[in-house]
Structures are given as C-alpha cells and as structure tokens.
Amino acid sequence: MSWTEERIGKLRELWGQGMSASEIAELLGNVTRNAVIGKAHRLGLSGRPSPIKKKPTRGATILSLTERMCKWPVGDPKHPDFHFCGKPALPGMPYCAEHAALAYQPAKKREEERKFSVA
DNA sequence: CCCTGATTCGC
DNA sequence: GCGAATCAGG
C-alpha cells in the first residue's frame, strides 16, 4: 500500500485534529502507527505531543503557562506533593492530548450497545 | 506496564 | 520513500 494523496490528506487532517498516530493508523487501515508516524515525519509534520524533552517558554509568568498546562490532577489534592500533569494541553482542552483522551474517552459503537438496551 | 511520538535502520 | 525497529519520555 502506497501513500496516495487521498491517504496523505486524511493523515494530515486527522493528525491536525489531534488524532494520535495509532488512531489515525486504525482509521486509515492496513497501516501501523509506525507507518503513520514515519510518513507524518517525512511530510514535515510531527507537531503533536511528545517531542520528549521540550524547552518551556521561560520569561512568562506561571499564570500564563498554566492556561496551556494540562490540568490533570495527579495524586491527592490534599497530598503535599500534589501536582498537575503540566504537559501542553490541547486547544480548548484543559488537558493534554493523552489525558484528554483518558478524560473524554469517546464511546465508539455506542449504537450497538444501545440496541441491546432496547431489548 | 501502559501509552505517546521521534528518531534510526534496513529494505 | 516506506515501514518496522528502536529510543526516549510521560
């Protein structure tokens, strides 16, 4: 299977929407996340999370940074070591891509479960 | 241990 | 250029 314009367009679209490589690979079909990431990288993409160690924009106050901080509560709020994820949050999301996925787990095929409930 | 993406290697 | 393997981090 080669990367046609159609697939590349889908890849770029899904990737731009914040879709994870594994999700994109699954939706595209007959591709692995490695293929998607590899192609994305080759296309000049990558933008999404996990540039591993990154240099935070220092000079700005922590207040401005918290807006982009993943507000995922880690540990107990009463715990003295309580902290937030701190990873870059998605636009419009209080959490980063990973935690947003965890917080807003999309119910796939909810219809199927639904028809069972009717019975 | 799970997940993520990035980078590298071989085909 | 493609994909898998490997690396690095959360």
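By this note's numbering, the letter at position 61 of the first sequence is numbered 70, and the numbering carries on one by one without gaps.
The beta carbon of each residue, even a glycine, is placed where N, CA and C say it ideally should be.
Every value quoted in this text rests on a predicted model; they were computed, and no experiment measured them.
Take the alpha-carbon of Ser29 and the one of His92: they are about 25 angstroms apart.
For Pro82, DSSP records a beta bridge to Phe93. If you look at Leu36, you'll find it in the alpha helix (DSSP H) that goes Ala30 to Leu37. A straight-line Cα-Cα distance of about 15 angstroms links Arg51 and Thr41.
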